[in-house]
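Right, one structure below, let's go through it.
Residue numbers (this note's numbering), protein chains in the order written: chain A, 52 to 270; chain B, 14 to 120.
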């Protein structure tokens, strides 16, 4: 009998389980596709397309990506590593992080609305601040996820979101480009790394985990 | 007073042998952080063969430490395992006992 070696403490096993959730590369591909979608939508707007024209395909892609992600998880991942559910009490911190990200988004929507009403005095680079908060939200969410779930590459995604924002702000300050490119930077730069890395992880996952044809003990 | 201390002190006799076996301990520890896991997941994570896992699963189920549910997902059979309340208590109790036993061992 050859047993898998390793610590059996709850923290290690929990992190191991979380890593099983993310080590197939599908989350990277899914988030990468979503981020490319947001970046492309924003870039199209900056290049002169009417937001309404590009909104419908952008929303359509969101549904397609979600469907593809769920199907891939069900058909690729589960037959290979099995099905499991991390204890609900332990997923609370993930829900907390997601709630925080949602709260930031809601605040941003509120700020946008108030700015649209002209309630802020002129001279304040409100858009830059707003997109900066967006970058902070994206970066912070990835860092929090990396810390609590033990998925180290999320730190890189968070850092790239911040770098994308700073780079776009430098561009805005030194050239004629609009501040919409901040959003392209925040979402586009991490996506450039997420997509190829997701493909590499998926390839490695498929090589390391053959399909287990029967999940029953009596086969 | 002396008797009380003797009763409270850990001894090898108090070790739950069902949990103490490494393969079963690994199965229970993995299930401790999960609501449930299927047979494939536990085979992958513990490194046990199908036969070994099946055998240990039956022993833990008979003791009431895990619950086993056999279902079908389409035409594919799926065996889902979860740690019961008494299984969780047994694992916690085992940990306390072992901590006490280890502390009595010579360095």
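Backbone N, C-alpha and C fix where the C-beta goes; we use that ideal spot for every residue, glycine too.
Closer than 7 angstroms to chain A by CB, residue 85(B): Start at 1 with the first residue of the second chain, and residue 85(B) comes out as number 72. No, residue 85(B) does not count as interfacial toward chain A.
Burial state of residue 25(B), where buried means 16 or more other Cβ atoms lie within 10 Å: For the purposes of this step, residue 25(B) is taken as the residue at position 12 of the second chain. Exposed: under 16 other Cβ atoms inside 10 Å.
Residue 92(B) burial status per 10 Å Cβ neighbour count (16 or more: buried): By 1-based counting over the second chain, the position of residue 92(B) is 79. When all chains shown are included, residue 92(B) counts as buried.
Residue 102(A) versus residue 95(A) - alpha carbon distance: In the first chain, the residue the question calls residue 102(A) occupies position 51. In the first chain, the residue the question calls residue 95(A) occupies position 44. If you take the alpha carbons of residue 102(A) and residue 95(A), they lie about 8 angstroms apart.
Limits of the unbroken beta strand (DSSP E) element including residue 76(B): Position 63 of the second chain, counted from the start, is the residue given in the question as residue 76(B). No beta strand (DSSP E) holds residue 76(B); DSSP gives it neither H nor E.
Chain B residues whose Cβ lies nearer than 8 angstroms to that of residue 39(A): Missing from the structure shown is residue 39(A); chain A here goes from 52 to 270 and no further.
Test: residue 89(A) CB closer than 7 angstroms to a CB of chain B: If you number the first chain from 1, residue 89(A) lands on position 38. Judged by the 7 angstroms Cβ criterion, residue 89(A) is not in contact with chain B.
Near-chain A residues of the segment 37 to 52 of chain B - C-beta to any C-beta below 8 angstroms: 38, 39, 42, 43, 45, 46, 47, 48, 49, 50, 51, 52
Cross-chain neighbours of residue 201(A) in chain B, by beta carbon under 8 angstroms: As a working mapping, residue 201(A) is identified with position 150 in the first chain. Here the premise fails: no neighbours, minimum Cβ distance about 13 angstroms.
Residue 194(A), enclosing alpha helix (DSSP H) - first and last residue: Here residue 194(A) refers to the residue found at position 143 of the first chain. Taken as a continuous stretch (DSSP letters only), the alpha helix (DSSP H) holding residue 194(A) covers 177 to 200.
Cβ-Cβ distance between residue 241(A) and residue 212(A) below 7 angstroms: Working through the first chain from its first residue, we reach residue 241(A) at position 190. Working through the first chain from its first residue, we reach residue 212(A) at position 161. Yes. Within cutoff.
Per-residue contacts from residue 54(B) into chain A (C-beta, under 7 angstroms): One-based indexing of the second chain puts residue 54(B) at position 41. Under the 7 angstroms cutoff, chain A gives 132, 133, 134, 135.
Distance cut-off 6 angstroms: residue 54(B) Cβ against heavy atoms of the ligand SAM: In terms of ligand content, the structure shown is empty, and the ligand SAM therefore cannot be addressed.
Test item: CB-CB of residue 8(A) and residue 231(A) under 7 angstroms: With chain A represented from 52 up to 270, any question about residue 8(A) goes unanswered, as that position is not in the structure.
Buried or exposed by the 16-neighbour rule on C-beta atoms within 10 Å, applied to residue 65(A): The count along the first chain starts at 1 and reaches residue 65(A) at position 14. Classification of residue 65(A): buried, given that the 10 Å Cβ count is 16 or more.
The segment 67 to 84 of chain A in contact with the segment 245 to 265 of chain A per 3-pair CB rule at 8 angstroms: yes
Contact set between the segment 59 to 90 of chain A and chain B, restricted to residues whose Cβ is under 7 angstroms from the partner: 59, 61, 64, 65, 68
Proximity test, Cβ basis, 7 angstroms: residue 263(A) and chain B: Residue mapping note: residue 263(A) aligns to position 212 of the first chain, counting from 1. Answer yes: the Cβ-Cβ gap between residue 263(A) and chain B drops below 7 angstroms somewhere.
Alpha-carbon to alpha-carbon, residue 43(B) and residue 244(A): Walking along the first chain from the start, residue 244(A) turns up at place 193. Walking along the second chain from the start, residue 43(B) turns up at place 30. Cα-Cα distance, rounded: 33 angstroms.
Chain C within 7 angstroms of residue 227(A), Cβ atoms only: Although the question refers to chain C, the structure presented lacks it and instead comprises the protein chains A and B.
Residue 234(A) to residue 201(A) span [Cα, whole Å]: In the first chain, counting from the first residue as 1, residue 234(A) sits at position 183. In the first chain, counting from the first residue as 1, residue 201(A) sits at position 150. Computed Cα separation, rounded: 27 angstroms.
For residue 68(A) and residue 196(A), the rounded distance between their alpha carbons: Counting from one through the first chain, the residue named residue 196(A) turns up at place 145. Counting from one through the first chain, the residue named residue 68(A) turns up at place 17. Cα-Cα distance, rounded: 14 angstroms.
Cβ-Cβ distance between residue 71(A) and residue 132(A) below 7 angstroms: Counting from one through the first chain, the residue named residue 71(A) turns up at place 20. Counting from one through the first chain, the residue named residue 132(A) turns up at place 81. Their beta carbons are under 7 angstroms apart, which means residue 71(A) touches residue 132(A) by this criterion.
Nonlocal neighbours in the same chain, by C-beta distance under 8 angstroms from residue 79(B), ignoring five residues either side: To locate residue 79(B), count along the second chain from 1; it is residue 66. The residues are 40, 41, 44, 70, 73, 94, 95, 96, 97, 100.
Below-7 angstroms beta-carbon distance, residue 138(A) vs any chain B residue: The residue you call residue 138(A) lines up with position 87 of the first chain. Yes - at least one Cβ of chain B is within 7 angstroms of the one on residue 138(A).
Which listed residue (47(B), 54(B), 36(B), 28(B)) has its alpha carbon closest to that of residue 130(A): By one-based count along the first chain, residue 130(A) stands at place 79. Per the Cα distances, 54(B).
The segment 48 to 65 of chain B touching the segment 143 to 157 of chain A, judged by at least three CB pairs closer than 8 angstroms: no
Residue 137(A) and residue 47(B) closer than 7 angstroms at C-beta: Locating residue 137(A) in the first chain gives position 86, counting from the first residue. Locating residue 47(B) in the second chain gives position 34, counting from the first residue. Cβ atoms of residue 137(A) and residue 47(B): closer than 7 angstroms.
Residue closest to residue 251(A), alpha-carbon to alpha-carbon, out of 80(A), 88(A), 108(A), 61(A): For this step, residue 251(A) is matched to residue 200 along the first chain. It is 80(A).
Buried versus exposed, by CB contacts within 10 Å (16 or more), residue 192(A): Along the first chain, read from residue 1 onward, the residue named residue 192(A) stands at position 141. Flag for residue 192(A) reads buried.
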